[in-house]
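S.K.:
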Amino acid sequence: MAFGKKGSQRTVNVELIAPGEFAPSSPPEIDRNEPVGHFSEILSRLERFSHRLDGGEQKRLGDTVSTIGAYLLAVRSELGNGEWRSLIEAVRKRGVLSNLLDDPFTRRSFEKPDGYPGDARLLDFIYGAGQYRRDLSAATALGRSLYLRNRMALACKAVRNRSDMIAEEIGDILATANAPRILSVACGHLRELDRIDVSSADNLELFCGFDQDARSIKEIDNACHHPNLVTVVENVSSIIRNKFAYRDFDLIYSLGLFDYLDTRFAVRLTRKLFELLGRGGKLVIANFHQDTGEKGYMEMFMDWFLEYRSEQDMYNLLREVDLTDLSHVEVVFEPAGQVMLLRVVRT
Ligand SMILES: C[S@@+](CC[C@H](N)C(=O)[O-])C[C@H]1O[C@@H](n2cnc3c(N)ncnc32)[C@H](O)[C@@H]1O
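Residue numbers for the sequence shown follow the working numbering, beginning at 705 and rising by one.
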């Protein structure tokens, strides 16, 4: 039997959640409160979607993927974590909807050629930057159509939005500070700098790009030219162990890292990063919200599991920070409403 004993007998009720743009433009063929049924029924239902992906019509394909995503979200919210994992396993074992992997973005996430989830080249599919075109041109027609739909998903918009928001922060600091010092933690390819001409910022005292992945750092070293831009190839645990040489930053930010950290580690890192700020410095930490609409699709077909958080969880990251050292704290959403930014200013 493909599923756990409990799961194979289980019937779940669907409260269809289809937030914002994640809702397809045509109504999904799922009724609110309709029972999802036994696991075998879920599998059959997913299998039936498979045929609707072929045929070449972009709107129909987009609607189908959106319906799959909404359906998975509903199923996920009804199952316990163990049952959800069993379902994922069964889907993969049976090869259900494996044609979704024609999308090179979905495939790269699933296969993790660099050995870990969420690498910077994967993010380049979202930004439309770097080498993604090469992979896209090698994809099937279905794969290219799927990619066109997937990169416009709310979660992808959110990634671009958070990058735009941090680019604004950097721009503001460069425009107003005398000798700004900026640290990007888990910087990936530093795509936010594509929007700012840092190379002409004469006042920039230090911009440090910090990431564990030497390939990503090499890409930055080749692309960004400023005498005060330095890169560090390290794991963030070195910051926790006080092995990081720089401090007194005006801005420290981290996009796309805390989504992978368990809470204990995230709290410790938050404190350490806070301690690296100079007086009046700002810390910005991004994290996907627990209501992210694409998470069912991401987990099942992209094997992309994140630590989703609530607004309160974001405030709780400050648990080990001395609150008398804070002059400002807020949690804001980017415009797509999927990613939160914790913003903290040191007195
Ligand atoms: C999702 S990407 C985000 C990249 C970039 N900040 C962005 O938003 O486009 C996550 C990055 O975190 C880096 N990373 C993951 N775990 C890390 C760790 N423990 N220490 C340092 N970097 C890490 C990865 O190498 C990767 O470049």
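Every residue gets a Cβ at the ideal spot worked out from N, C-alpha and C, and that includes glycine. Fair warning: this is a prediction, and the values are worked out from it, not measured in the lab.
Taking only the alpha-carbon atoms, compute the straight-line gap between Leu-750 and Asp-806 and give it to the nearest angstrom.
M.R.: Taking the straight line joining both Cα atoms gives about 17 Å.
S.K.: Please list the terminal residues of the continuous beta strand (DSSP E) segment that includes Ser-781.
M.R.: From DSSP, Ser-781 is part of no beta strand (DSSP E) but of the alpha helix (DSSP H) over 762–782.
S.K.: Between which residues of its own chain and Ile-924 is the CB-CB distance below 6 Å, once the five residues before and five after are set aside?
M.R.: Closer than 6 Å at Cβ, skipping near neighbours: Leu-894, Gly-913 and Thr-935.
S.K.: Mind pulling the beta strand (DSSP E) runs of 3 or more residues that sit fully within the segment 976–1008?
M.R.: List check, beta strand (DSSP E) in window: 981–992.
S.K.: So the candidates are Phe-953, Arg-975 and Phe-1009; which of them puts its Cα closest to the Cα of Gly-982?
M.R.: When only C-alpha atoms are compared, the closest one is Phe-953.
S.K.: To the nearest whole angstrom, what separates the beta carbons of Leu-858 and Glu-998, a pair I think is in contact under 8 Å?
M.R.: Rounded, the Cβ-Cβ distance is 7 Å, consistent with contact.
S.K.: Give the DSSP bridge partners of Ser-867, in chain order.
M.R.: DSSP, once it has assigned bridges, lists no residue as partnering Ser-867.
S.K.: By DSSP, does Ile-900 sit in helix, in strand, or in coil?
M.R.: Ile-900 falls in the coil class under three-state DSSP.
S.K.: Rounded to a whole number of angstroms, what is the C-alpha to C-alpha distance between Ala-905 and Asn-865?
M.R.: Rounded to whole angstroms, Ala-905 to Asn-865 spans 23 Å at the Cα level.
S.K.: Check whether the Cβ atoms of Met-869 and Glu-1034 sit closer than 8 Å, and answer yes or no.
M.R.: No. Outside cutoff.
S.K.: Is Val-800 near ligand 1, with its Cβ less than 7 Å from a heavy atom?
M.R.: Result no, Cβ not under 7 Å from ligand 1.
S.K.: Per DSSP, which residues does Ile-956 bridge with? Please list them.
M.R.: Answer is Leu-887 and Leu-987.
S.K.: Using CA coordinates, which residue listed in Arg-951, Leu-955, Tyr-950 and Leu-973 is at the minimum distance from Leu-961?
M.R.: When each option's Cα is compared against that of Leu-961, the closest is Leu-973.
S.K.: Is the closest heavy atom of ligand 1 to the C-beta of Val-940 under 7 Å?
M.R.: Yes, the Cβ of Val-940 comes within 7 Å of a heavy atom of ligand 1.
S.K.: Counting only the same chain and skipping the five closest in sequence on each side, list residues whose C-beta sits under 6 Å from that of Ser-813.
M.R.: The residues are Leu-826, Met-1006 and Trp-1008.
S.K.: Going by beta-carbon coordinates alone, are Met-1044 and Met-1002 separated by less than 8 Å?
M.R.: Not closer than 8 Å, so no.
S.K.: Could you check whether Ala-890 and Val-971 sit closer than 8 Å to each other, using their CB atoms as the reference points?
M.R.: It is not a contact, given that the beta carbons lie outside the stated cut-off.
S.K.: In its own chain, which residues sit with a C-beta less than 8 Å from the C-beta of Arg-1050, not counting the 5 before and 5 after it?
M.R.: Hits under 8 Å: Phe-978, Leu-981, Gly-982, Arg-983, Gly-984, Gly-985, Lys-986, Leu-987, Asp-1029, Leu-1030 and Ser-1031.
S.K.: Using the Cα positions of Asn-785 and Glu-745, report the straight-line distance between them to the nearest angstrom.
M.R.: Cα-Cα distance, rounded: 19 Å.
S.K.: Using only the alpha-carbon positions, how far apart do Thr-880 and Tyr-851 sit?
M.R.: Taking the straight line joining both Cα atoms gives about 40 Å.
S.K.: So is Asp-966 buried or exposed if we call it buried at 16+ other beta carbons inside 10 Å?
M.R.: The residue is exposed, with fewer than 16 neighbouring Cβ atoms inside 10 Å.
S.K.: Excluding the 5 residues preceding and the 5 following Ala-871 in the sequence, name in chain order all residues of the same chain whose CB lies nearer than 7 Å to its CB.
M.R.: Answer for Ala-871: Glu-896, Arg-899 and Ile-900, listed in chain order.
S.K.: Are Gly-1000 and Leu-777 touching if we call contact CB-CB under 8 Å?
M.R.: Yes, they are a contact pair.
S.K.: Could you check which residue in Glu-1015, Asp-828, Arg-968 and Glu-1024 has the C-alpha nearest to that of Leu-1046?
M.R.: When each option's Cα is compared against that of Leu-1046, the closest is Glu-1015.
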